[in-house]
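First the structure, in the form of structure tokens, and then the observations on it.
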């Protein structure tokens, strides 16, 4: 039906100037705007046009209602940006292009290009202090640096490592094998290694004790330790992500290999519990007040006991997460640390057959009945172009909604990943249609939504939230460079994004009210502390900075 409406549309149906003017008139009537410049009719009309354009900005409400304190902190933020441009980026040597062209460093470059510079900026130091509200797009096995899980694995007697190729060093091809090998880990109920990755005749992914691998590694690969080498294999490098021949498919292939490598480091009890605990500590350290995580509840992802003798099923995984969160909250109770809590988005792979997705939906409902305060929603995850489209599971999704209503649990919202593609008009791209029709409360990425103006307006009217992750979009090849907001981002833009994160969190009204109240108190503290520490940057706010 959506397609029929779009195909019948006449050109004048898409003329949105009149309704936009009506919206803008209302906004301007209710906002305090600076007076137009008194230097002629042209300048007045120019100022009005600029004001009308600004009224459509996502941060408009926060900008026009900003109290004096926020305006001052925004001036500090703009001054810090210019400080960083002059003292961090401008002082770095330019990069050399293919023909020797000089490319000065700048703040808007690829994340992987700039991470080391970002860490040195005053803006980043300030951003870390901001109370951030809710974190709603968390793939649970990718929250922390890989050294966390590698260190735990190095201490496990039953941890084994495998490779798809031997890592022998008896010929000149070994550097390529070390770069291209696909490593995997497993907790196994074995008493000894079944092979050595360093033997020329190694094959069939014969497991080798990880402790033995670490000990022998320096004899075969010099200049770096085993854990450091493995850590480098688990993260994207700039040259890899942005190499000229690289494609979206190629980037996903590397991502999936790393996911397989991470899987065995994550899916045993000690690692799962310690990782959950460190995630919570990391959320608090990053000033996040609430989080919704996406564990993958697939049957091959079940967690092992530390001795490798028994699997812990999905019920056991839920219990581990809940126990660690409750323990964390109890230990922090009464202190200055505030964390509203964590909820779980039940996920299964979009590559699953229909019966397995139906089973996952049924288990999600059972979990909601058993732990009503812990289940936030349901999602399908995995490479969108390689899995099945949402339309393949529409009967199962509709039955799930009916089952939830009959069970009296209320809505378990869909929070679908969709539109994470460069395709247009394909089944993958059409996931946006089905997400809208199925009532998805949020969508993950929605990168292709900009190519669907009608769907975009429908989603705006339905209050659908788009969970954005620009670093993922860059690394997986959807876009050269991306950011949330705009290059001249203001404090008011930060505030609007934070408020939306709380608005669209899957919390009860009482939970949301408590989290909002706690966030507002921390926001005021952040403003006061920023003025106290960085007030000199406001005093130096000069001609280089454009007034908002």
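In the working numbering, the protein residues as written are 782 to 1329. Glycine included, every Cβ here is placed at the ideal spot set by N, Cα and C. Note that the coordinates shown come from a computational prediction; the quantities given were computed from them, not determined experimentally.
Per DSSP, the unbroken beta strand (DSSP E) holding residue 965 starts and ends at 964 to 968.
Fewer than three beta-carbon pairs drawn from the stretch 1183 to 1202 and the stretch 1058 to 1066 are found closer than 8 angstroms, and the two stretches are therefore not classed as touching. In this structure, the straight-line span from the alpha carbon of residue 1291 to that of residue 1144 is close to 27 angstroms. Note: residue 1159 is bridge-paired with 1127, 1195 in the DSSP secondary-structure output.
The C-alpha of residue 1312 lies about 56 angstroms from the C-alpha of residue 945.
A residue is called buried when at least 16 other Cβ atoms come within 10 angstroms of its Cβ; residue 883 does not meet this threshold and is exposed. Unbroken alpha helix (DSSP H) stretches of 4 residues or longer found wholly inside the stretch 846 to 924: 849 to 865, 892 to 899, 903 to 910, given in chain order.
Per DSSP, residue 1002 is not a residue of any beta strand (DSSP E), being assigned neither H nor E. Here residue 1246 is bridged, per DSSP, to 1223. At the C-beta level, residue 921 and residue 1257 stay beyond 8 angstroms of one another. Within the same chain, and ignoring the five residues on either side of residue 1252 in sequence, the residues whose Cβ sits closer than 6 angstroms to its Cβ are 892. Within the model, the alpha-carbon separation for residue 847 versus residue 823 is close to 29 angstroms. Excluding residues up to 5 positions away in sequence, 965, 986, 988 lie with their Cβ nearer than 6 angstroms to the Cβ of residue 943 in the same chain. Residues 883, 884, 885, 886 of the same chain have their beta carbon placed closer than 8 angstroms to that of residue 875, with the five preceding and five following residues left out of the count. Taking C-beta separations shorter than 8 angstroms and ignoring five residues to either side along the sequence, the partners of residue 980 in its chain run 947, 949, following chain order. Its chain contains 1188, 1190 as the residues whose beta carbon lies nearer than 7 angstroms to that of residue 1150, once the 5 sequence neighbours on both sides are disregarded; these appear in chain order.
Around the beta carbon of residue 1123, a 10 Å sphere encloses 16 or more other beta carbons of the protein chains shown; the residue is thus reported as buried. Here residue 868 is exposed. Its C-beta has fewer than 16 other C-beta atoms within 10 Å.
Contact check for residue 1097 against residue 1084 passes: the beta carbons are separated by less than 8 angstroms. Cβ atoms of residue 1126 and residue 1159 come within 8 angstroms of each other, at about 7 angstroms. Secondary structure note for residue 944: its beta strand (DSSP E) is the uninterrupted segment 940 to 944. Collapsing the DSSP output to three states places residue 929 in a helix.
If you ignore the 5 residues before and after residue 1209, its C-beta comes within less than 8 angstroms of the C-beta of 1165, 1166, 1170, 1202, all in its own chain and listed in chain order.
The stretch 1258 to 1277 makes no contact with the stretch 897 to 906, as fewer than three CB pairs between them are under 8 angstroms.
Between the stretch 1108 to 1115 and the stretch 1073 to 1088, the count of Cβ pairs shorter than 8 angstroms is below three; the stretches do not touch.
CA-to-CA, the gap between residue 1178 and residue 843 works out to about 38 angstroms.
For residue 1266, the closest C-alpha among the options 1007, 1255, 1259, 1278 is that of 1278.
Taking residue 1172 as the centre and dropping the five residues before and after it, the same chain places the C-beta of 1215 closer than 6 angstroms to its C-beta, in chain order.
Between residue 1283 and residue 1296, the CB-CB gap stays under 8 angstroms. Proximity of the stretch 970 to 978 to the stretch 987 to 1007 meets the contact definition, three or more beta-carbon pairs being nearer than 8 angstroms. If you look at residue 1071, you'll find it isn't in any alpha helix (DSSP H); it sits in the beta strand (DSSP E) that goes 1071 to 1075.
In the structure shown, residue 1189 adopts coil according to DSSP, grouped into three states.
At the C-beta level, residue 940 and residue 968 come within 8 angstroms of one another.
In chain order, 1256 place their CB closer than 6 angstroms to the CB of residue 1017, counting only its own chain and leaving out the 5 sequence neighbours on each side.
A straight line joining the alpha-carbon of residue 802 with that of residue 832 spans about 12 angstroms.
Residue nearest to residue 1012 within the set 841, 928, 1032 is 928 (criterion: CA-CA distance).
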